[in-house]
Ligand code: C5P
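Structure below.
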């Protein structure tokens, strides 16, 4: 049994992008590298937690001492998260989940034709929103990667998804992008508290997130 402030806690972390398949050779995705989520999973492990990392496709090495589950699509992530939810103390949802998927997946490569073409998209489930609706004792932490009006959107998501904490960043800002090793984030808490950080390495940001999670779990258990 690992030692540390999170010893005995089961924590689910999601990381990376998803792939929404069009046909056997094509998919929709985004620029997420998974670095933030992997850094969080490692810090939580180091502080004693029993960590399950649900990961989209990334270039990163699966960390030791963590139960890593590889998924591709949002629907697969949804299944893997939902079946574990009742057993966990906290969920950190750092994955960049696709809001839409192609309505149809072709079994064969789609052939080009003359003129424009359209791919019809349907909504994916909002995994975090559903976790918020089913929330019992779990601490829920979400992410808001925005390109403008960061604080406003983040606070809206905090409320609409019933979160305890949302980590917001502007992905257009230098050093805060999807592939970078650094991030400049602001924490918005359910109780209205706001914490802004300087540009930091994702490992240090992960440490601050672990500190926040530890104090929220303590408050929760009293
Ligand atoms: O996409 P959005 O800005 O709403 O994402 C905010 C949070 O919700 C993120 O933590 C993300 O992982 C989560 N999310 C989700 N399922 C989706 C879309 C987003 O869990 N379909």
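In UniProt numbering, the protein residues as written are 182 to 403.
Beta carbons are placed, not taken as given, at the ideal position from N, Cα and C, and that holds for glycine.
Query	Result
At a threshold of 7 Å, does residue 367 count as lining the ligand C5P (C-beta to nearest heavy atom)?	no
Can residue 329 be considered in contact with the ligand C5P, in the sense that its beta carbon sits closer than 7 Å to one or more heavy atoms?	no
Tell me which residue opens and which closes the alpha helix (DSSP H) that residue 396 is part of.	383 to 402
Who are the Cβ neighbours of residue 378 in its own chain at under 6 Å, not counting the five residues just before and after it?	366
Quick check on this structure: which residue in 356, 339, 354 has the alpha carbon closest to the alpha carbon of residue 348?	339
If we ignore side chains and look at the alpha-carbon of each, how far apart do residue 216 and residue 230 end up?	19 Å
For the beta strand (DSSP E) that contains residue 208, what are its first and last residues?	207 to 209
Quick one: Cα of residue 219 to Cα of residue 325, how far?	17 Å
On the three-state DSSP scale, how would you describe residue 446?	The chain is shown only over 182 to 403; residue 446 falls outside these bounds and no answer can be derived.
Does the Cβ-Cβ distance between residue 270 and residue 319 come in under 8 Å?	yes
With a threshold of 7 Å (Cβ to nearest heavy atom), would residue 280 be considered close to the ligand C5P?	yes
Which residues does DSSP pair with residue 198 in a beta bridge?	277
DSSP has residue 282 in a bridge; who is on the other side?	303
Straight-line CA distance for residue 208 to residue 201?	5 Å
Going by Cα to Cα distance, which pick from 285, 276, 312, 372 is closest to residue 212?	276
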